[in-house]
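Notes for the one structure printed next.
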Amino acid sequence: MTVATAPASAVTGTPAGGPPRRRRVLRWLLPMAPALVLLALFLAGPILWSVYIAFTNETLTGSASVNSSFVGLDNFARMFGDPNFVNSFLLTFVFVIGSAVIGQNTLGLIIALLQRGRGRVTRSVVNGVVIGAWVMPEIVAAVCWFSFLAEDGTLNTVLGISQEWLYTAPMLAVILANVWRGTAFSMLVYSAALSEVPPDLVEAAAVDGASPLRRLLHITLPLIRRSIMSNLMLITLQTLASFGLIYALTGGGPGTASQTTPLYMYEQAFRYFEIGYGSAIALVMLVIGALFSLVYLRLIKVEDA
Amino acid sequence: MTRIAARGAALLSLLVITLAFLGPFLWVLISSVQPEAALSAAPTATFSLDNFKAVLTWETLFLPLINSIVISGSTAVLTVLVAGLAAYPLSRYQLRYRRHFMLTLLFTTGLPVTAILVPVYAMFFRFNLYGSVPAMVLFLTASSLPFSIWMMKNFMDGVPVSLEEAAWVDGAGWVQSLRAVVGPLMAPGIAVVAIFVFVGQWGNFFAPFVLLDTPDKQPAAVTIYTFFSQYGQVAYGQLAAFSVLYTAPAVVLYVAVNKYLAGSFNFGGSVKG
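Order-wise, the sequence lines are chains G and X.
Here the first sequence stands for residues 1 to 305, where the numbers follow the UniProt record's numbering.
Here the second sequence stands for residues 1 to 273, where the numbers follow the UniProt record's numbering.
The following block contains the structure:
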C-alpha cells in the first residue's frame with residue numbers, strides 16, 4: 001500500500017464506492033495520472049530509449065534507418081576517439097568555468113554586494129538592466145551580441161579598434177555573451193541570501209576592527225556558503241546544456257573553435273542524422289547533468305518535500 | 001571619511017557595470033527606430049517607425065507571433081491543469097513516497113533538456129509525430145511539469161485544509177474541492193506558474209527548431225533566427241524592430257510576476273518553488 005492515512009475529514013467527505021483501500025489509491029492516482037502519463041511518455045520514455053539506441057547504429061537515412069543493429073560500445077568508443085568530441089568536451093569545460101563559475105557567479109555576487117544599502121532608484125536601475133538581459137529570449141540576446149561584437153559594432157566603436165571578435169575570439173565572445181545573459185540569476189540568488197545575513201554580526205566585526213575584505217571573507221561568505229554551492233550547481237547545469245546562444249552567435253565556428261558538446265551533438269544527430277551516435281552523446285550529457293543534479297539535491301536542505 | 005569613499009567607489013562600480021550591461025542593448029534599441037540602420041550603432045538623429053511598419057505583415061511578424069502564442073499558451077494552460085491536479089494529492093494526502101517523488105521531480109529539473117531532444121526527435125520520427133505542433137506541446141508540457149508541480153504544491157500548501165472541510169461536509173469530492181475552494185484561493189499562484197511556463201516557452205528556440213518541419217508552424221524564436229542567420233542581405237533595422245516586438249511580451253509578463261518570483265531565489269531554509 002502506498003497511501004498512508006489521509007485526514008479523517010477527507011475520508012468522510014469522499015463519496016462511497018469500492019473497498020476503502022482501493023478507493024484511497026484511486027484518490028491520489030486519479031489526479032496524478034495525467035502528469036504521470038506525460039512524464040512517462042515524453043520524459044522518462046525518451047531518456048530510457050536513448051539508453052537503448054545509444055548502443056545501436058540507428059540513422060535516419062540509409063540502410064541503418066530500416067535495420068538498425070546492436071553495436072555494443074562502438075558509439076562510445078567512436079566518441080572518445082573522435083578529436084572533435086574531445087575538443088567539444090574541453091570547450092564545454094572552458095565555457096562552464098568561464099561563463100558560469102567565474103563570470104556569472106562572481107559578477108552576480110559582486111553586484112549583489114555593491115547593491116546592499118544603496119537607494120531604491122540605484123537598485124531599480126541596476127536590476128532593470130541586468131534582469132532585462134536575462135528575460136529577453138536567447139535569440140534576441142544573440143542578435144544583440146552579434147551587433148555589439150561586429151567589426152563596426154558598438155564595442156569596437158567604443159574601444160576605437162577594428163576586430164572581428166566572433167572570428168578571432170569566438171570562445172571569449174560566447175562566454176561574455178553568456179555572462180551578460182545569465183548574471184541576473186546569480187545576482188537574485190545572492191541578493192536573497194545576503195538579505196538573510198544578520199547585520200549585527202557584520203557590525204560587531206567592524207567594531208572589532210575587521211577590514212571590509214576580512215568581514216566579507218570570514219563572516220558574510222561563510223554564512224551564505226550553502227547559497228553559493230547551490231547557485232554554482234544550478235548555473236553549471238544551465239550552462240552545460242546551453243545551445244541557442246552559441247548556435248546563433250558562432251554556429252560552433254569558425255571550424256570547431258566554439259563547438260561545445262551540445263553543438264557537436266546537434267551536428268551529429270540533426271545534420272548527419274546519426275541518431276545512434278547522437279544518442280550516445282546525449283547519454284553522456286544526461287549522466288553528467290544527473291551527477292550535478294544529485295550534488296545539488298544533497299546541498300539544499302529540502303524541508304517538507 | 002572612508003565611509004564616503006567606499007560609498008562612492010560602490011556607486012562608481014555599479015555605474016560601470018550598468019553601462020557595460022547596457023552596451024549590447026544599444027544597437028537593437030537604436031536601430032529599430034533608424035530608417036537606414038546598419039550593423040553599427042551609429043548615433044544619428046533620424047527617428048522613424050518605418051522598420052516597425054515594414055515588419056508588421058502577416059508573413060514576417062503576425063504568423064510567427066501567433067504560433068508563439070499558440071505554442072507557449074497551450075503549454076502553459078496544459079501545464080497548469082496537469083500540475084494543479086497532480087499537486088492536490090501531494091499537498092493534501094500523507095502519501096508514503098511523497099518525499100521521494102518530490103525529490104525526483106527536483107532532480108529531473110536538473111537534466112539537460114538539450115540532450116533529451118535527441119531521443120525525443122528519434123521517437124517523433126518513428127511514430128510520425130515529427131512536425132506535429134500538438135505532440136511538441138505535449139513534450140514541452142512534460143518538460144515543464146517537474147518544476148511546475150513543485151511550485152504548485154508549495155502554493156497549495158499555503159491554502160489551509162480547514163477551508164475545504166465545509167465543502168467536504170457538504171459532500172464535495174476532491175474535484176469540487178479543488179475547483180471551487182482551492183483553485184480560487186491560489187489563483188495568484190496559478191498565474192505565477194502559468195506566466196513562468198509561458199515566458200520560458202516564449203524564448204524556447206531549440207525544441208521548435210528541431211521538432212517542427214515547416215516555416216509556417218515555427219514560432220517567432222525560429223523565424224527571427226532564420227531572418228538573422230542570413231545576415232548578408234538582412235534589413236537590419238527590421239531585424240531590430242522584430243526583436244523589440246518579440247521581446248516586449250516576455251518583459252511585460254516578467255514585470256507582472258516579478259514580485260512573486262523574487263522569493264524563489266532564497267535557498268535558506270526550505271526550498272520554495
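C-beta: ideal position from N, C-alpha, C; glycine also.
What separation, rounded to the nearest whole angstrom, lies between the Cα atoms of residue i and residue j?
i	j	result
G/Ala77	G/Ser50	17 Å
G/Trp180	G/Phe146	13 Å
X/Pro134	G/Pro222	49 Å
X/Tyr93	G/Arg21	14 Å
G/Val197	G/Asn57	55 Å
G/Ser9	G/Arg24	Because the pLDDT of G/Ser9 is 40, which lies under 50, any placement of that residue in the model is unreliable, and the question is left without a value.
X/Ala20	G/Val37	47 Å
X/Val192	X/Ile71	18 Å
X/Leu15	X/Pro24	16 Å
G/Ser227	G/Leu297	13 Å
X/Phe29	G/Gly132	Contrary to the premise, residue 29 of chain X reads as Leu rather than Phe in this sequence. If you take the alpha carbons of X/Leu29 and G/Gly132, they lie about 13 Å apart.
G/Val126	G/Ala40	43 Å
X/Arg96	G/Asn84	48 Å
G/Asp208	G/Leu194	21 Å
X/Phe209	G/Val202	51 Å
X/Lys272	X/Ala86	Because X/Lys272 sits at a pLDDT of 40, beneath the cut-off of 50, its placement in the model cannot be relied upon, and the following sentence gives the value as read from the coordinates. Between X/Lys272 and X/Ala86, the C-alpha separation is close to 17 Å.
X/Gly219	G/Thr261	In the sequence as displayed, the identity of residue 219 of chain X is Pro instead of Gly. Each residue's alpha carbon lies about 25 Å from the other.
G/Pro34	X/Val80	12 Å
X/Lys217	X/Pro64	8 Å
X/Met136	G/Leu113	42 Å
G/Val143	X/Gly189	34 Å
G/Ser68	X/Lys259	52 Å
Buried or exposed: where does residue i fall if 16 or more other Cβ atoms within 10 Å of its Cβ makes it buried?
i	result
X/Ser148	buried
X/Val244	buried
G/Gly72	exposed
G/Phe70	exposed
X/Gly8	exposed
X/Lys53	exposed
G/Gly103	buried
G/Ser124	exposed
G/Ala16	Note that G/Ala16 scores 45 on pLDDT, short of 50, meaning its location in the model is unreliable; the coordinates nonetheless yield the value given after this. G/Ala16 comes out exposed.
X/Phe127	exposed
Give the interface partners of residue i over in chain G, defined as CB-CB distance under 7 Å, in chain order.
i	result
X/Phe206	Phe243 and Gly244
X/Gly110	Leu237, Gly289, Phe292, Ser293 and Tyr296
X/Leu129	Simply none; closest approach about 10 Å.
X/Leu21	Checking the displayed sequence, the identity of residue 21 of chain X turns out to be Phe instead of Leu. Per Cβ cutoff of 7 Å: Val129, Val130, Ala133 and Trp180.
residue 274 of chain X	What the structure shows of chain X is the stretch from 1 to 273, and residue 274 of chain X is not part of that stretch, so it cannot be assessed.
Please list the partners that residue i has in chain X, where partner means a Cβ-to-Cβ separation under 9 Å.
i	result
G/Ile139	Gly203, Phe205, Ala220, Ala221, Val222, Ile224, Tyr225, Phe228, Ser243 and Tyr246
G/Ile275	Val118, Pro119, Tyr121, Ala122 and Phe125
G/Ala100	Under the 9 Å cutoff, chain X gives no residues; its nearest Cβ is about 14 Å from G/Ala100.
Just to confirm my understanding: we take residue i, look at its own chain, exclude 5 residues before and 5 after, and list those with CB closer than 6 Å. What are they?
i	result
X/Gly84	Met152
X/Leu78	Thr141
G/Asn87	Thr256
G/Met229	Leu299
X/Glu164	Ser177 and Val181
X/Ser270	With a pLDDT of only 41 at X/Ser270, under 50, the local geometry of the prediction cannot be trusted, and the value read off the model is given with reservation. Correct list: empty, nothing qualifies.
Go through its chain and collect everything with a Cβ distance to residue i's Cβ below 8 Å, but skip five positions before and after it.
i	result
X/Thr57	none
X/Pro35	Thr46, Ser48, Asp50, Asn51 and Gly237
X/Ile66	none
X/Val161	Arg92
X/Asp157	Ser91
G/Leu232	Ala100, Val101 and Asn105
Residues of chain G with CB under 9 Å from residue i, in chain order?
i	result
X/Thr141	Leu38 and Phe42
Can you pull the chain X residues whose beta carbon is under 8 Å from the beta carbon of residue i, in chain order?
i	result
G/Arg27	Pro89, Tyr93 and Trp174
residue 310 of chain G	The requested residue 310 of chain G is not part of the displayed model; chain G covers only 1 to 305.
G/Leu91	Within 8 Å Cβ-Cβ: nothing; G/Leu91 doesn't reach chain X, min ~15 Å.
G/Ile47	Leu111, Ile116 and Pro119
Report all residues from its chain with a CB closer than 7 Å to the CB of residue i; omit the five preceding and five following residues, and keep chain order.
i	result
X/Val113	Ser143
X/Val159	Val182, Leu185 and Met186
X/Leu105	Pro146, Ile149 and Trp150
G/Glu274	Thr59 and Gln268
Going along chain G, which residues have a C-beta under 8 Å from residue i?
i	result
X/Tyr254	Ile131 and Val135
X/Val193	None at all; the shortest Cβ gap to chain G is about 13 Å.
X/Ala235	Correct list: empty, because the minimum Cβ distance to chain G is about 13 Å.
Starting from residue i, find everything on chain X with Cβ-Cβ shorter than 7 Å and list it in chain order.
i	result
G/Ile111	Ile17
G/Ser50	Val118 and Pro119
Is it the case that the region 197 to 210 of chain X contacts the region 126 to 137 of chain G, given that we only count it when at least three CB pairs across the two stretches are under 8 Å?
yes
For the pair the region 95 to 112 of chain X and the region 287 to 298 of chain G, tell me if three or more CB-CB distances fall below 8 Å.
yes
Closer than 8 Å is the cut-off here; do at least three beta carbon pairs connect the region 38 to 49 of chain G with the region 116 to 123 of chain X?
yes
Counting beta carbon pairs with one atom in the region 243 to 261 of chain X and one in the region 193 to 200 of chain X, are three or more of them shorter than 8 Å?
yes
Three CB pairs or more closer than 8 Å across the region 175 to 193 of chain G and the region 92 to 109 of chain G:
yes
Evaluate contact between the region 201 to 214 of chain G and the region 161 to 170 of chain G, counting only Cβ atoms and requiring at least three cross-stretch pairs below 8 Å.
no
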